[in-house]
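A.B. asks:
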Amino acid sequence: MLPAIPQDPAYHAFADARPLFGVENFLNVSSNVFFIAAGLMGLQSVLVSRSGGLRSDHAVLRQMYSLLFIGLIITGLGSGWYHLLPDNVTLMWDRLPMTLSFMAFFSIVITERAPVSWGRKWGKRMLWALIVAGFCSVFYWAYTEDQQQGDLRLYVLVQFLPALLIPFILLLYPARYPGDRYFWFLIACNVLSKLFEHWDSQIYSLTDAVVSGHSLKHVVAALGGYFMYKLWRMKGT
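Residue numbers (my numbering): 624 to 860.
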């Protein structure tokens, strides 16, 4: 059995900690505005949309896209707070809304791509189960950290299992709506953002301290949210 995975304290030590305008870690804080922008654009688009080409799927997908965009907005706020005061407590409020958006995205993929006979039904049923599972994984990690027995295993499972399944679902089941490329654009943004996060200090050095990998991670991950806005625009209006 895989041993418990505690949160590495070094995780909170980012390459670019420069203050600006009295704000510590300025670029890592301010770059979260892109999450908020993508989320607001998407949510506004959902709220004003008509049934368009979605037909009977519209109500189900409308809810899922709304939750995804709400998650992006709160991610911008939660991540901004975390980078202003980086510790395990604020990290929890960074991870919770990210989990909301990710689970909503997983449900969207299931609903849009799985066979019509069960995709819509199970996508809707799984939406709240996935969100609850995601939230529980974050709360469990936070609780174990508070008990000095940090354990990220459940959080890692909840994050990476859907990440592995989503490409297979997209490849196995044909698209029923236009804009299929935006799913792949988002996946590419997610992979690229992870690479930027991993090479935080290397990118900071490579750019001669202009920008760090973690700040670029925020920009690229938010771009993935923008692609979801574009995807909704193609089918929701």
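A virtual CB, placed ideally from N, CA and C, is assigned to each residue, including glycine.
Rounded to whole angstroms, how far is the Cβ of K840 from the Cβ of F819, which I believe are closer than 8 Å?
C.D. replies: Along the sequence shown, one-based indexing puts residue 840 at 217. Along the sequence shown, one-based indexing puts residue 819 at 196. Confirmed, about 4 Å.
A.B. asks: From the DSSP output, which residues share a beta bridge with L643?
C.D. replies: Position 20 of the sequence shown, counting from 1, holds the residue named residue 643. Its beta-bridge partners are V646.
A.B. asks: Determine the direct distance from the alpha carbon of G836 to that of S816, and round the result to whole angstroms.
C.D. replies: The sequence position of residue 816 within the sequence shown is 193, counting from 1. The sequence position of residue 836 within the sequence shown is 213, counting from 1. If you take the alpha carbons of S816 and G836, they lie about 8 Å apart.
A.B. asks: When burial is assigned at 16 or more other CB atoms within 10 Å of the CB, is L643 buried or exposed?
C.D. replies: As a working mapping, residue 643 is identified with position 20 in the sequence shown. Per the 10 Å Cβ criterion, exposed.
A.B. asks: How many Å lie between W716 and P709 at the Cα?
C.D. replies: Sequence index remark: in the sequence shown, residue 716 carries index 93 (1-based). Sequence index remark: in the sequence shown, residue 709 carries index 86 (1-based). Taking the straight line joining both Cα atoms gives about 11 Å.
A.B. asks: Looking at the structure shown, is F637 part of a helix, part of a strand, or coil, going by DSSP?
C.D. replies: By one-based count along the sequence shown, residue 637 stands at place 14. Of the three classes helix, strand and coil, the one that applies to F637 here is coil, per DSSP.
A.B. asks: Three-state secondary structure (DSSP) at A832?
C.D. replies: Here residue 832 refers to the residue found at position 209 when the sequence shown is read from its first residue. Coil, per DSSP.
A.B. asks: Whole angstroms is fine: what's the gap from K858's alpha carbon to P801's?
C.D. replies: The residue labelled residue 858 in the question sits at position 235 within the sequence shown. The residue labelled residue 801 in the question sits at position 178 within the sequence shown. Their backbone Cα atoms lie some 7 Å apart in a straight line.
A.B. asks: Quick one, which of A765, A798, E735, K744 has its alpha-carbon nearest L714's?
C.D. replies: Numbered from its first residue, the sequence shown carries residue 714 at position 91. For L714, the nearest C-alpha among the options comes from A765.
A.B. asks: Quick check on S702: buried or exposed, where buried means 16 or more other Cβ atoms within 10 Å of its Cβ?
C.D. replies: Looking up residue 702 in the sequence shown gives position 79. Under this definition S702 is a buried residue.
A.B. asks: Hey, could you find the ends of the alpha helix (DSSP H) S668 is sitting in?
C.D. replies: Within the sequence shown, numbered from 1, the residue matching residue 668 stands at position 45. Residues 656–671.
A.B. asks: Looking at C-beta atoms only, is the number of pairs between the region 784–801 and the region 643–662 that lie closer than 8 Å three or more?
C.D. replies: Output reads no: the region 643–662 does not touch the region 784–801.
A.B. asks: Quick check on A636: buried or exposed, where buried means 16 or more other Cβ atoms within 10 Å of its Cβ?
C.D. replies: Taking the sequence shown and counting its residues from 1, the one referred to as residue 636 is at position 13. So A636 ends up on the exposed side.
A.B. asks: Report buried or exposed for T830, applying the criterion of at least 16 other Cβ atoms within 10 angstroms of its Cβ.
C.D. replies: In the sequence shown, counting from the first residue as 1, residue 830 sits at position 207. Burial call: exposed.
A.B. asks: Closest by CA to K747, which one among Y688, K853, F649, L795?
C.D. replies: Within the sequence shown, numbered from 1, the residue matching residue 747 stands at position 124. Among Y688, K853, F649, L795, the Cα nearest to that of K747 is on Y688.
A.B. asks: Using the C-alpha atoms, what's the distance from A638 back to I733?
C.D. replies: By 1-based counting over the sequence shown, the position of residue 733 is 110. By 1-based counting over the sequence shown, the position of residue 638 is 15. Approximately 38 Å, taken between the alpha carbons.
A.B. asks: Taking 8 Å as the limit between beta carbons, can you name the residues of its chain near V843, skipping five residues before and five after?
C.D. replies: Taking the first residue of the sequence shown as 1, we reach residue 843 at position 220. The answer, listed in chain order, is C812, L815, S816, F819.
A.B. asks: For the putative contact between I659 and I696, defined by C-beta atoms under 8 Å, what is the C-beta separation to the nearest angstrom?
C.D. replies: Position 36 of the sequence shown, counted from the start, is the residue given in the question as residue 659. Position 73 of the sequence shown, counted from the start, is the residue given in the question as residue 696. Indeed, because the Cβ distance is near 5 Å, the residues count as touching under 8 Å.
A.B. asks: Under a three-way DSSP split, which group does A798 fall into?
C.D. replies: Locating residue 798 in the sequence shown gives position 175, counting from the first residue. Three-state result, A798: coil.
A.B. asks: Based on Cα-Cα distance, which residue from A661, M624, D823 lies nearest to W855?
C.D. replies: Taking the first residue of the sequence shown as 1, we reach residue 855 at position 232. Among A661, M624, D823, the Cα nearest to that of W855 belongs to A661.
A.B. asks: Among R736, E768, A798, S760, which has the Cα closest to the Cα of M720?
C.D. replies: By 1-based counting over the sequence shown, the position of residue 720 is 97. Residue 720 is actually Pro in this sequence, not Met. The option with the nearest alpha carbon to P720 is S760.
A.B. asks: To the nearest whole angstrom, what separates the beta carbons of Q782 and F725, a pair I think is in contact under 8 Å?
C.D. replies: Sequence index remark: in the sequence shown, residue 782 carries index 159 (1-based). Sequence index remark: in the sequence shown, residue 725 carries index 102 (1-based). That belief holds up - the Cβ atoms of Q782 and F725 are roughly 7 Å apart, short of 8 Å.
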